[in-house]
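S.K.: Position in the sequence shown counted from 1, then plus 178, gives you the working numbering.
Ideal placement from N, C-alpha and C gives every residue a C-beta, glycine not left out.
Computed from a predicted structure; not experimentally measured.
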Amino acid sequence: MLKVFRFLPQAGVASILLLFSTVAAWYEGSAILNDPWEWKYSTPFSQLLYGEIQSSNQILQLDHFIYAAKFQPTFPVIMIISSLYLFILTGYHFLRRQHRLFTYYLSFLGGGLFLLSYFSFNSPTPGGQILFYIWVLSGGVCTITAVLFYFRMLNRNSNEVVN
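(1) Considering just the uninterrupted stretch of the alpha helix (DSSP H) at W215, what are its terminal residues?
(2) Since G269 is in the alpha helix (DSSP H), which residue starts that stretch and which ends it?
(3) So, Q307 versus S301, is the Cβ gap smaller than 8 angstroms?
(4) Which residues in the same chain have their Cβ closer than 6 angstroms to the Cβ of V314, if we skip the five residues on either side of it in sequence?
(5) Between the C-alpha atoms of F185 and D213, what's the straight-line distance to the nearest angstrom?
(6) Taking the straight line between their C-alpha atoms, what separation do you get for G318 and A324?
(7) Just the Cα atoms here: how many angstroms apart are L226 and V201?
(8) With T281 as the anchor, note down where its alpha helix (DSSP H) starts and where it stops.
(9) For the alpha helix (DSSP H) that contains S208, what are its first and last residues?
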């Protein structure tokens, strides 16, 4: 029961931070509606749905986040960090007794973050470069933590066999 009281405040603060940063990033990204020369490069989701974008009415809300991440990355970065914190916190809360599953969870999360970093590897925008480094660093931390948990689990199991 005490674990829940540690989990809920952390999850609540991270969720509020995620909500605030999401709204702020969406607002900042709405500047794409007034930037038609950037529609070709910053609207991948709208282009999947409509093809070439002819008017601002065709731009999907999801593309606002792409534009914000490329040119005003502060709030998208806060979104990413708070989302990662929530993912890791939730995974730890539910899998803390199942060390092997938590190790797999962190490994999968790290692999996904490395995959995301691949998509922004050669980004010419400052926001894309920042996102690349955040995803690589976060993927590395998740992977290293998973490896450490794995060896800690092996060490614990080998000590139980000896005793």
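M.R.: The short version:
(1) Here W215 belongs to no alpha helix (DSSP H), and DSSP marks it neither H nor E.
(2) Element bounds for G269: 252-273.
(3) Result yes, Cβ atoms of Q307 and S301 sit closer than 8 angstroms.
(4) Here V314 has S295 as same chain residues with Cβ atoms under 6 angstroms from its own Cβ, once five neighbours each way along the sequence are excluded.
(5) Taking the straight line joining both Cα atoms gives about 42 angstroms.
(6) Roughly 10 angstroms between the two C-alpha positions.
(7) Those two C-alpha atoms are separated by around 24 angstroms.
(8) Start and end: 277-297.
(9) For S208, there is no enclosing alpha helix (DSSP H), as DSSP gives it neither H nor E.
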